[in-house]
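Residue numbers (full-length UniProt numbering): 1 to 198.
The beta carbon of each residue, even a glycine, is placed where N, CA and C say it ideally should be.
One structure is given here, and the rest of the page talks about it.
This is the structure in structure tokens:
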């Protein structure tokens, strides 16, 4: 990864925590698809934005840390994730995993999946769902509806808002279907400015 111009985000920002879910069996299909990839890597420009978000979070709430679940994702892994959802119709599958024929911002190191960890409580903040939850409860655009139905509570939405606000302030863009996913740029710009990671 270093040879491809990426940086280890924990060397860039040591207070960021990493738990690469696809390097464990604690993911939506129960397999380690990253093998020896156990560190989170990003292009330097994206890593700098992430450090800004981390610094902002810690300055406001000293016991909180960013916890990264996924950063750069090799393109070959994108195909594995896509194939793992082959029982779903293509239009549904695309809501959760980018079609490898098109590519994902993760494949360029321009997307990051993360949450917030409270070191004083030794636990993640409650966001209402686990990472990689497939359903409306994970959708930021459905939060008000889910709150009204009693499926999410105000604390869970407030926790998501803390994450969103620091990420947006640092230059990331949220998406409407996953509270944990943030883009650093568009796919068109990523293809122009960054290399596809295989």
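In this structure the stretch 120-138 lies against the stretch 176-184, because at least three pairs of beta carbons, one per stretch, are closer than 8 Å. Judged by DSSP in its simplified three-state form, residue 119 adopts coil rather than helix or strand. Around the CB of residue 95, fewer than 16 other CB atoms lie within 10 Å, so the residue is classed as exposed. With contact defined as three or more Cβ pairs closer than 8 Å, the stretch 69-85 and the stretch 11-24 are in contact.
Along the length of the stretch 28-74, whole alpha helix (DSSP H) runs at least 4 residues long occupy 44-60, reported in chain order. For residue 15, there is no enclosing alpha helix (DSSP H), since its DSSP letter is neither H nor E. Uninterrupted alpha helix (DSSP H) stretches at least 4 residues long and entirely within the stretch 83-108 occur at 90-93, given in chain order. Here the C-alpha atom of residue 91 lies approximately 22 Å from the C-alpha atom of residue 73.
Bounds of the beta strand (DSSP E) holding residue 183 are 181-183.
For a cut-off of 8 Å, the C-beta gap from residue 183 to residue 173 is around 5 Å, short enough to register as a contact. Around the CB of residue 113, 16 or more other CB atoms lie within 10 Å, so the residue is classed as buried. Taken atom to atom, the span from the alpha-carbon of residue 123 to that of residue 61 is near 15 Å. For the stretch 153-190, the full-length alpha helix (DSSP H) segments reaching 4 residues or more read 154-169 along the chain.
One thing to note: residue 196 has its Cβ no nearer than 8 Å to the Cβ of residue 106.
If you look at residue 6, you'll find it in the beta strand (DSSP E) that goes 6-8. With contacts defined by Cβ atoms closer than 8 Å, residue 135 and residue 46 do not form a contacting pair.
With contacts defined by Cβ atoms closer than 8 Å, residue 131 and residue 77 do not form a contacting pair. Its chain contains 116 as the residues whose beta carbon lies nearer than 6 Å to that of residue 163, once the 5 sequence neighbours on both sides are disregarded; these appear in chain order.
Residue 112 sits in a strand when the DSSP states are folded into three classes. Linking residue 28 to residue 133 through their CA atoms gives a straight-line distance of about 8 Å.
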